[in-house]
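Peer 1:
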Amino acid sequence: MNIKILDSWLREYLKTSANPKKIAEKLSLTSVSVERIEKYNNDFVYDIEVTTNRSEMMSIIGLAQEAATALKQSGIDATFIKREFNLPNIRLQKSPTLTIKFDEKLVNRISAVIMEIKIKESPKYVKERLEASGIRSLNNVIDITNYVMREIGHPTHVFDYDRLSNHTLIIRESKKGEQMKTLDGKEYTLSGGDIIADNGKGEIVDLISIMGTANSVVTNSTKRILFFIDNVDPHRLRKTSMEHGIRTEAVILNEKGINPERTSEALARGIELFQTLADGEIVSEIIDLYPNPSKETVIMLSQEKINKIIGIEIPIQKSMDILTSLGFLVSEQQGILHVTVPARMTGNDMLIPEDLIEEIARIYGYENIPDTLPSFQTATYFHLDKNDFYWEDHLKDALKYWGFTEVYTYPMVSEVLYEGPIDNAVTIENPLTDDMVYMRRTLIPSLLQVIKENQDHEIIKLFELANIYEKNNEELPKQSLKLAGVIHKPNASFWGVKGIIEQLLADLEIKNATFKQLSDRYGAMVVINKDEIGTVEILDNSTVTFELDFSLIIKYATVKKVYKQISKYPPIVEDLAVIARASVQTGELMDAIRNQSELIQEVSLLDKYQDTRTFHIIYQSYDKNLKDNEVGEIREKILKVLRAKFSARLKG
Amino acid sequence: MEEKLLSIKNNAISLILETQSPQELEEIRIQFLGRNGEITLLMKNLPKLPKEERPKMGIIFNEAKNIIEETIKTRERSLKETKSKNIPALDVTEPGIKPPLGHLHLVTQAIREITTIFTQIGFTRARYPEIEWDWYAFTSLNFPENHPARDDWETFFIKQQANPKKGSVLLTPHTSSGQVREMEKGKLPIKMLNIAKTYRRQSDVSHTQMFHQFEGLVVGENIAISDLKGTLNYFVKSYFGENRISRIRPYHFQFTEPSFEVDITCGICLGKGCRLCKEGWLELGGAGMVHPNVLKAGNVDPNKYTGFAFGWGVERVLMMKDGIQIDDLRILYNNDLDFLRQF
Numbered sequence: 010m011n012i013k014i015l016d017s018w019l020r021e022y023l024k025t026s027a028n029p030k031k032i033a034e035k036l037s038l039t040s041v042s043v044e045r046i047e048k049y050n051n052d053f054v055y056d057i058e059v060t061t062n063r064s065e066m067m068s069i070i071g072l073a074q075e076a077a078t079a080l081k082q083s084g085i086d087a088t089f090i091k092r093e094f095n096l097p098n099i100r101l102q103k104s105p106t107l108t109i110k111f112d113e114k115l116v117n118r119i120s121a122v123i124m125e126i127k128i129k130e131s132p133k134y135v136k137e138r139l140e141a142s143g144i145r146s147l148n149n150v151i152d153i154t155n156y157v158m159r160e161i162g163h164p165t166h167v168f169d170y171d172r173l174s175n176h177t178l179i180i181r182e183s184k185k186g187e188q189m190k191t192l193d194g195k196e197y198t199l200s201g202g203d204i205i206a207d208n209g210k211g212e213i214v215d216l217i218s219i220m221g222t223a224n225s226v227v228t229n230s231t232k233r234i235l236f237f238i239d240n241v242d243p244h245r246l247r248k249t250s251m252e253h254g255i256r257t258e259a260v261i262l263n264e265k266g267i268n269p270e271r272t273s274e275a276l277a278r279g280i281e282l283f284q285t286l287a288d289g290e291i292v293s294e295i296i297d298l299y300p301n302p303s304k305e306t307v308i309m310l311s312q313e314k315i316n317k318i319i320g321i322e323i324p325i326q327k328s329m330d331i332l333t334s335l336g337f338l339v340s341e342q343q344g345i346l347h348v349t350v351p352a353r354m355t356g357n358d359m360l361i362p363e364d365l366i367e368e369i370a371r372i373y374g375y376e377n378i379p380d381t382l383p384s385f386q387t388a389t390y391f392h393l394d395k396n397d398f399y400w401e402d403h404l405k406d407a408l409k410y411w412g413f414t415e416v417y418t419y420p421m422v423s424e425v426l427y428e429g430p431i432d433n434a435v436t437i438e439n440p441l442t443d444d445m446v447y448m449r450r451t452l453i454p455s456l457l458q459v460i461k462e463n464q465d466h467e468i469i470k471l472f473e474l475a476n477i478y479e480k481n482n483e484e485l486p487k488q489s490l491k492l493a494g495v496i497h498k499p500n501a502s503f504w505g506v507k508g509i510i511e512q513l514l515a516d517l518e519i520k521n522a523t524f525k526q527l528s529d530r531y532g533a534m535v536v537i538n539k540d541e542i543g544t545v546e547i548l549d550n551s552t553v554t555f556e557l558d559f560s561l562i563i564k565y566a567t568v569k570k571v572y573k574q575i576s577k578y579p580p581i582v583e584d585l586a587v588i589a590r591a592s593v594q595t596g597e598l599m600d601a602i603r604n605q606s607e608l609i610q611e612v613s614l615l616d617k618y619q620d621t622r623t624f625h626i627i628y629q630s631y632d633k634n635l636k637d638n639e640v641g642e643i644r645e646k647i648l649k650v651l652r653a654k655f656s657a658r659l660k661g
Numbered sequence: 129m130e131e132k133l134l135s136i137k138n139n140a141i142s143l144i145l146e147t148q149s150p151q152e153l154e155e156i157r158i159q160f161l162g163r164n165g166e167i168t169l170l171m172k173n174l175p176k177l178p179k180e181e182r183p184k185m186g187i188i189f190n191e192a193k194n195i196i197e198e199t200i201k202t203r204e205r206s207l208k209e210t211k212s213k214n215i216p217a218l219d220v221t222e223p224g225i226k227p228p229l230g231h232l233h234l235v236t237q238a239i240r241e242i243t244t245i246f247t248q249i250g251f252t253r254a255r256y257p258e259i260e261w262d263w264y265a266f267t268s269l270n271f272p273e274n275h276p277a278r279d280d281w282e283t284f285f286i287k288q289q290a291n292p293k294k295g296s297v298l299l300t301p302h303t304s305s306g307q308v309r310e311m312e313k314g315k316l317p318i319k320m321l322n323i324a325k326t327y328r329r330q331s332d333v334s335h336t337q338m339f340h341q342f343e344g345l346v347v348g349e350n351i352a353i354s355d356l357k358g359t360l361n362y363f364v365k366s367y368f369g370e371n372r373i374s375r376i377r378p379y380h381f382q383f384t385e386p387s388f389e390v391d392i393t394c395g396i397c398l399g400k401g402c403r404l405c406k407e408g409w410l411e412l413g414g415a416g417m418v419h420p421n422v423l424k425a426g427n428v429d430p431n432k433y434t435g436f437a438f439g440w441g442v443e444r445v446l447m448m449k450d451g452i453q454i455d456d457l458r459i460l461y462n463n464d465l466d467f468l469r470q471f
């Protein structure tokens, strides 16, 4: 969350000779991040990012104290002008009544007062400070509530006291179906469990800590106000706010959990301002309902721990000075600091020693901590062939050097690109756009989409390595990496893609992959042992795709190299032109040839023309020079088998 | 004699085939066929043979002479051809015949560089689920249920029944979801690097619904803020250049205490402040000391061990690098080939 404040406003609580740039720099390096300083008339406005854990910095007072500490630590004169906001001690004879009832589970504290006021315009400085802060000025009464919120950091609210006809506020949980109209005229039906104020007649008169309602809000004819500061359970109001999308500045602050000690400060400051800017007169006693006051806490912090986490030795006195300056009470016993966190500083981010170490380290200055590197090495053994990042690089490089371009497409796809029964899809519950709703179960449609969008290129070769997702009952969806690719060019060849896969696998020392015809599609299943590792598919004349399971490939990949002795005897090479029916598969013919003798070292397809397939055969022995008649015998055996099994014969 | 003639002939032929110029060829011709050439001299012994062998030997001699002359002629022709064909025809300005060269995506190239930099100082890369339980993405990282800090993560949820223990199913909005998974392996110390896809409900010039982060997690017995500073400065100087400087500022994350925002000096003005960076610094990303509650969630004893973590955008560091002046992040995932083929 961001806060914008004027320099002159900050300086009401901060005395320093530092200029806005210096203040911004010191705040950014030790505390909250000042994102911008801009000229504003004769003034400057700081735009400051405040993290959710430091809601106390969403205030002039918080920032002034922080800036004073930071500036002082770096040797610049700076003083925090601390003001005590005390509630006036009022005793009235005949005061207007107000009954407030609430459940302690919902409410931490309520501070309130009834005042007579005059509605008018705010003075120029108030308007200017609010407007520089991003808040529209309406009238003095509303402006004061916002002014107090900026200065003290606690949201405040005003009711028109006379519109609360029963003079009663019951703060309770809403019931399912209850209706209300907020001050901006919008109507809501509540789902129950929201914190609301009921006027005693069952009507909702405030959505507590979030927004006022139309039926109780201050109007131009208001004479008496109920100035009302509520501090309630942040989780509940956050739920209400998120559910109905009501994100007022009040709720954004309140849901962070503001220390309830601040409600009385806000009330006191508000009374002061109503008196000076709205002719305000207090007409009731001060109401302050605080059933479980915040208590100070003590955190024990050892010097050893401070040094261990920061990485250098910080003198214990230095740590104590820093904490004291930030408002903690500190004493020391044998290297252990007893740090008292005052009630107004307690909160979710001030619970453990590490929280205090952060305070010490940031004020000490992160730039004063040296650079070191972790001194240990992890002792896990490294196995190259079990390292899938190694194989990932290997495969990607191979494809790159064969002319493929790598793409990254979105894993979320539209129904059209999903390709499959949509009810089985891993589906995003809160998609941002219609085209990114389903987690894909194949990469191919995304790749084809890329081709569609790049029609001006004649030859396209793409690949991607990414996860696909499948439902897995109650468990996390199954997520498996796929290596997919596509070749798109005139007369794209199945064998072109098959060859790429064969070579990819061969490079990983996988030599036993086979290709089995798909029954339902035009293409092949790639099989290693019994694992089906993926498919090659012909989609049309110019498009051939492949998609392989990455972890199944890696299962068989190895860096192990096997040396095979090189024969001392020269090979004998011959080409056999075989005539066979088209229905006889080349793979079958090659297997049949290869199986006829151990002396056949290699069989490859040299050429295919009409009904003739020419095989290139290499015969070689490791023991002797092969003689013509030995090769002749093997050739006879081959021809006999081809004839018997496939009715194939030698050409010519 | 026949054998001697055969060996002279073979020798002559092999010498002829090795010649590189007409002069050399002429020398060879004289050496074998000249007046005192080896063949001529051997022929002078012909009369010494028995009368009946002379005609047969005569024929053999003539054949040898013819073959040698023939070879010389052929060689002469081929030498001439080489001269006229090759030397003037070589046009070195003609384009080379290139083997295919494709392209790796810029993100892959960045991931490789980042990985290499961190493995130099002992980090090990790991993979974790991309679709994850709320427990690993938030709750175990010290985000209480329904905590406002969760809003900053703009998370996508998956339509699936929440698990009673691990919560709802979501697309990881940050790589920090790997932290407790890594600790659960039970192997300490840890020096882990997680580079993965991450998802957030945002789309504009600087956000895409899917992007990549790289996360470092170090857990050991004496890990301090100074180690975090040293590690990230090592990365900044390695990746961006030795003239760049990093700094840390206070920030807040639920899963680290203390938490930092990391800045580096602007590459244009090197920290002086310029039109591009305003104050001389560019935001790099978040980091911090691992929160004791996170260590506990990963079954690591926070009294014995401390750690640090950082998680930054791959696209972000890529775009902050010199030379890559991409003004709209979405172009990385539009997959325009004219773009992809530039890298």
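Chains as they are written, first to last, in our numbering: chain A, 10 to 661; chain B, 129 to 471.
Even glycine gets a Cβ: it sits at the ideal position worked out from N, Cα and C.
Remember, it's a predicted structure, so these values are computed and weren't measured experimentally.
1. May I ask you to report which of helix, strand or coil DSSP gives P420(A)?
2. Is it the case that the Cβ atoms of I180(A) and V116(A) are separated by a distance below 7 Å?
3. Name the chain A residues whose beta carbon is nearer than 8 Å to that of K208(B)?
4. With distances taken Cα to Cα, identify the nearest neighbour of I128(A) among T231(A), K13(A), I308(A), S340(A).
5. From the DSSP secondary-structure annotation, give me the bridge partner or partners of S387(B).
6. Is the stretch 347-355 of chain B touching the stretch 433-441 of chain A, taking contact as three or more C-beta pairs under 8 Å?
7. Let me see if you follow: with CB-CB separation under 7 Å, is P383(A) close to chain B or not?
8. With DSSP run on the structure shown, which of helix, strand or coil describes H253(A)?
9. Between I353(B) and the ligand ATP, is the CB less than 6 Å from at least one heavy atom?
10. For the stretch 312-329 of chain A, which residues have a CB atom closer than 9 Å to at least one CB atom of chain B, in sequence order?
11. Which residues does DSSP pair with Y447(A) in a beta bridge?
12. Closest Cβ-Cβ distance between E131(B) and chain A: below 7 Å?
13. Run through chain B and tell me which residues come within less than 8 Å of M445(A), C-beta to C-beta.
14. Given a threshold of 16 other Cβ atoms within 10 Å of its Cβ, counted over all protein chains shown, does P272(B) qualify as buried or as exposed?
15. Whole angstroms are fine: how far does the CA of R658(A) sit from the CA of R652(A)?
16. Do we get a CB-CB distance below 7 Å when we pair Y419(A) with the residues of chain B?
17. Quick one: give me the first and last residue of the beta strand (DSSP E) that Q526(A) is part of.
18. Helix, strand or coil: how does DSSP classify E21(A) here?
19. According to DSSP, simplified to helix, strand and coil, what is Q341(B)?
20. For the stretch 423-438 of chain B, enumerate the residues whose C-beta is nearer than 8 Å to any C-beta of chain A, in chain order.
21. Please list the partners that D464(B) has in chain A, where partner means a Cβ-to-Cβ separation under 8 Å.
22. Counting only Cβ-Cβ distances shorter than 8 Å, please list the residues of the stretch 256-269 of chain B near chain A, keeping chain order.
23. If you scan the stretch 208-260 of chain A from start to end, which runs of the alpha helix (DSSP H) of 4 or more residues do you find wholly inside it?
24. Can you tell me which of the three DSSP states Y390(A) falls into?
25. Do you know how far the Cα of V425(A) is from the Cα of M417(B)?
26. For N361(B), collect the residues of the same chain with a Cβ closer than 7 Å to its Cβ; drop the 5 residues on either side in sequence, then sort them by chain order.
27. For G186(B), name the three-state secondary structure that DSSP assigns.
28. Based on Cα-Cα distance, which residue from T267(B), R240(B), E312(B), Y256(B) lies nearest to N427(B)?
29. With contact counted as at least three CB pairs below 8 Å, one residue from each stretch, are the stretch 290-299 of chain B and the stretch 238-250 of chain B in contact?
30. Quick check: the Cα distance between E473(A) and V364(B), rounded to an integer number of angstroms?
31. Please state the DSSP three-state secondary structure of V292(A).
32. Can you tell me whether F471(B) is buried or exposed, with buried defined as 16 or more other CB within 10 angstroms of its CB?
33. The alpha helix (DSSP H) with D56(A) in it runs from where to where?
34. Taking the CB atoms as reference points, tell me whether E47(A) and V41(A) lie closer together than 7 Å.
35. Between the C-alpha atoms of G596(A) and D397(A), what's the straight-line distance to the nearest angstrom?
36. Is the distance from the Cβ of I85(A) to the Cβ of A27(A) below 7 Å?
Peer 2: Working from what's here:
1. coil
2. yes
3. In chain order: nothing, as chain A lies at least about 35 Å away.
4. T231(A)
5. Y379(B), G416(B)
6. no
7. yes
8. helix
9. This structure lacks the ligand ATP, and indeed carries no ligand of any kind.
10. N316, K317, I318, I319, G320, I321
11. V422(A), T436(A)
12. no
13. Q337
14. exposed
15. 6 Å
16. yes
17. 522-526
18. coil
19. strand
20. T434
21. E462, N463
22. P257, E258, I259, E260, W261
23. 243-253
24. coil
25. 45 Å
26. S374
27. helix
28. E312(B)
29. no
30. 29 Å
31. coil
32. exposed
33. Here D56(A) belongs to no alpha helix (DSSP H); instead the beta strand (DSSP E) covers 52-58.
34. no
35. 32 Å
36. yes
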